[in-house]
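Student: Reading the sequence shown from the start, the letters are residues 11 to 95 in the numbering used here.
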Amino acid sequence: VMPDDVKTALESHPAVAGAAVVGRPDPRLGETPVALVELRTGPAADPDELTDFLRTRLARYEIPAEVQITDSIPRTPSGKPDLTA
11 VMPDDVKTAL
21 ESHPAVAGAA
31 VVGRPDPRLG
41 ETPVALVELR
51 TGPAADPDEL
61 TDFLRTRLAR
71 YEIPAEVQIT
81 DSIPRTPSGK
91 PDLTA
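Here it is in structure tokens:
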């Protein structure tokens, strides 16, 4: 799974302000993707809606195991998502 593909697909949703994709350990697969999503003010979306949205844009194996809505994605001093936070 290419995290940037999932991130780009999520960020094409009108309610999404930003997204990051991280790997979560999985005993069977090694790792499964988890998406962290910041929403814009105004339009609303929930994890199920975002997962359905991704199903129309990504292959089945690229769909994150979980989509989490967060107030803000931790960022490094350069502004990139801090995936270790």
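The C-beta atom is built at its ideal place from N, Cα and C for all residues, glycine as well.
With distance defined between alpha-carbon atoms, name the residue in F63, S88, D15, V26 nearest to D121.
Tutor: This structure leaves residue 121 out entirely; the chain is present only between 11 and 95.
Student: Suppose you measure from the CA of P91 to the CA of G33; what does that come to, to the nearest Å?
Tutor: In the sequence shown, residue 91 corresponds to position 81, counting from 1. In the sequence shown, residue 33 corresponds to position 23, counting from 1. When rounded, the distance between both Cα atoms is 14 Å.
Student: Looking only at C-alpha atoms, which of D62, T66, G89, P37 sits nearest to V77?
Tutor: Taking the first residue of the sequence shown as 1, we reach residue 77 at position 67. V77 has its Cα closest to that of D62, out of D62, T66, G89, P37.
Student: What is the C-beta distance between V16 and E72, in whole angstroms, given that I count them as a contact (C-beta under 8 Å)?
Tutor: Reading the sequence shown from its first residue, position 6 is the one you call residue 16. Reading the sequence shown from its first residue, position 62 is the one you call residue 72. Right, their Cβ atoms sit about 6 Å apart.
Student: Measure the alpha-carbon distance for P74 versus P84 and round it to whole angstroms.
Tutor: Taking the sequence shown and counting its residues from 1, one reaches residue 74 at position 64. Taking the sequence shown and counting its residues from 1, one reaches residue 84 at position 74. So the alpha carbons of these two residues sit roughly 19 Å apart.
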